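Engineer:
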Amino acid sequence: SGARHGSSESLQWAFASWGVDAVIAGHDHVYERIEQDNIPYFVNGLGGRPLRGFGSPVAGSQVRYSDDYGAMLIEATPDEITFSFYAVADGGTLIDSYTLSK
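Numbering (the numbering used here), first residue to last: 95 to 196.
(1) Excluding the 5 residues preceding and the 5 following S160 in the sequence, name in chain order all residues of the same chain whose CB lies nearer than 8 Å to its CB.
(2) Taking all protein chains shown into account, do 16 or more other C-beta atoms lie within 10 angstroms of the C-beta of I128, making it buried, or fewer, making it exposed?
(3) Hey, is H123's beta-carbon within less than 8 Å of any beta-carbon in chain C?
(4) Considering only their Cβ atoms, is the gap separating G164 from I189 smaller than 8 Å?
(5) For S191, collect the residues of the same chain with a Cβ closer than 8 Å to its Cβ; drop the 5 residues on either side in sequence, then sort them by chain order.
(6) Within 10 angstroms of its Cβ, does V137 collect 16 or more other Cβ (buried), or is it exposed?
(7) Looking at the secondary structure, which residues open and close the beta strand (DSSP E) in which F136 lies?
(8) To the nearest angstrom, how far is the alpha carbon of A116 from that of E174?
(9) Beta carbon of D131, beta carbon of A153: below 8 Å?
(10) In the DSSP assignment, the beta strand (DSSP E) including A119 goes from what residue to what residue?
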């Protein structure tokens, strides 16, 4: 991510060769969606304290949010999966939504 803990090389595993469709991670106290090698990476650490800001965007950064706490709803059917990130503010404001189809 483009936040405090950054993109640790030790965690940049061979996801593409494993055939993953998406990667979900946490720890940085932000929400960020990054796309690299046609794989979406979701960094979601806005469930706890404290809120943190961003540094410079990393390559492939698509959406960055750190204004309020939030959570991700993941809904799957046999044909697709949708990742939706909601901020707690205003009763659950949709910040980002991303759908993968098979």
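The C-beta atom is built at its ideal place from N, Cα and C for all residues, glycine as well.
These numbers come from a predicted model, not from an experiment.
Structural biologist: Once the coordinates are examined:
(1) A97, H123, V124, Y125, L140, L145, R146, G147 and F148
(2) buried
(3) Looking for chain C here will not work: only one protein chain is present.
(4) yes
(5) T176, F177, S178 and F179
(6) buried
(7) I133 to N138
(8) 12 Å
(9) no
(10) V117 to A119
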